[in-house]
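Right, one structure below, let's go through it.
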Amino acid sequence: MRPWFIIVPKIPANAMALFPFILLKNKGQKADPVLINHERIHLRQQLELLVFPFYLLYLFNYLVNLIRYKNHYLAYFNIVFEKEAYACDHKPLYLRNRPFFAWLKYC
Numbered sequence: 001m002r003p004w005f006i007i008v009p010k011i012p013a014n015a016m017a018l019f020p021f022i023l024l025k026n027k028g029q030k031a032d033p034v035l036i037n038h039e040r041i042h043l044r045q046q047l048e049l050l051v052f053p054f055y056l057l058y059l060f061n062y063l064v065n066l067i068r069y070k071n072h073y074l075a076y077f078n079i080v081f082e083k084e085a086y087a088c089d090h091k092p093l094y095l096r097n098r099p100f101f102a103w104l105k106y107c
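Under our numbering, the first residue of the sequence shown carries the number 1, and numbering increases by one thereafter.
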């Protein structure tokens, strides 16, 4: 699946995957293979969870982590979907062989 890019200079994150789009702060980020792979991993996660449930699980996981760690950054980096994306974003061929529901091993 080839993502559609939208440039949104004022998004609160460096980049964001909102199926089927990848939102970026600037055009130059399109050339960052690690960033794009990270967001493409999120698109795959969203697709396998039929999009909307992904957002619910993502938010729920973040809120549980926020209670657990009492820190936004720790809560964010411990979201299971982020753990998978950060662990594999530097592997350009990861999505070709990624097992279905691979994020579960990061729970």
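All C-beta atoms in this analysis are idealised placements derived from N, C-alpha and C, irrespective of residue type, glycine included.
Requested in this report: May I have the straight-line CA-CA distance separating Pro20 from Val64, to the nearest angstrom?
Outcome: Within the sequence shown, the letter at position 20 stands for residue 20. Within the sequence shown, the letter at position 64 stands for residue 64. Taking the straight line from one Cα to the other gives about 27 Å.
Query raised in the report: Alpha carbon to alpha carbon, how far is Pro9 from Leu35?
Result: Numbered from 1 along the sequence shown, position 9 holds the residue referred to as residue 9. Numbered from 1 along the sequence shown, position 35 holds the residue referred to as residue 35. So the alpha carbons of these two residues sit roughly 16 Å apart.
Requested in this report: Determine the extent of the alpha helix (DSSP H) in which Ile79 is found, giving its start and end residues.
Outcome: On the sequence shown, residue 79 is found 79 positions in, with the first residue counted as 1. If you look at Ile79, you'll find it isn't in any alpha helix (DSSP H); DSSP assigns it neither H nor E.
Query raised in the report: Beta carbon of Ile168, beta carbon of Pro3: below 9 Å?
Result: No statement about residue 168 is possible, as the shown extent of the chain runs from 1 to 107 and does not include it.
Report task. Consult DSSP for Ile6 and reduce its assignment to one of helix, strand or coil. Result -> Residue mapping note: residue 6 aligns to position 6 of the sequence shown, counting from 1. Residue state, collapsed to three classes: strand.
Requested in this report: Find out if the Cβ-Cβ distance for the pair Tyr106, Lys83 is shorter than 9 Å.
Outcome: Against the sequence shown, residue 106 aligns to sequence position 106. Against the sequence shown, residue 83 aligns to sequence position 83. Contact flag set, yes.
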